[in-house]
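Whatever position you read off the sequence shown (first residue = 1), add 4 for my numbering.
Using N, Cα and C, we set each Cβ at its ideal position, and we do this for glycine too.
Note that this is a predicted model, so its numbers are computed, not measured.
One structure is given below, encoded as structure tokens.
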Amino acid sequence: MTQTIKALEDRTGALAAMAQPVLVALSTAGLTGGAMAVAGMLAGRMMRRG
Numbered sequence: 005m006t007q008t009i010k011a012l013e014d015r016t017g018a019l020a021a022m023a024q025p026v027l028v029a030l031s032t033a034g035l036t037g038g039a040m041a042v043a044g045m046l047a048g049r050m051m052r053r054g
């Protein structure tokens, strides 16, 4: 039982190490995209008012 858990732990650790840079990149892109969308919406409103 302990060997099975150890093998599973090793596999999940390797998968997490591979996925971490991808998750960081996706979250950064999401924040950047969201900020750009808000800036675009604000600029559109200001142009309509002005």
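Alpha carbon of residue i to alpha carbon of residue j, nearest angstrom
{"i": "Ala-43", "j": "Gly-34", "result": "14 Å"}
{"i": "Lys-10", "j": "Leu-27", "result": "25 Å"}
{"i": "Arg-49", "j": "Leu-12", "result": "53 Å"}
{"i": "Thr-8", "j": "Ala-47", "result": "57 Å"}
{"i": "Ala-18", "j": "Thr-32", "result": "22 Å"}
Contacting residues, own chain, Cβ-Cβ under 8 Å from residue i (five flanking each side not counted)
{"i": "Ala-23", "result": "none"}
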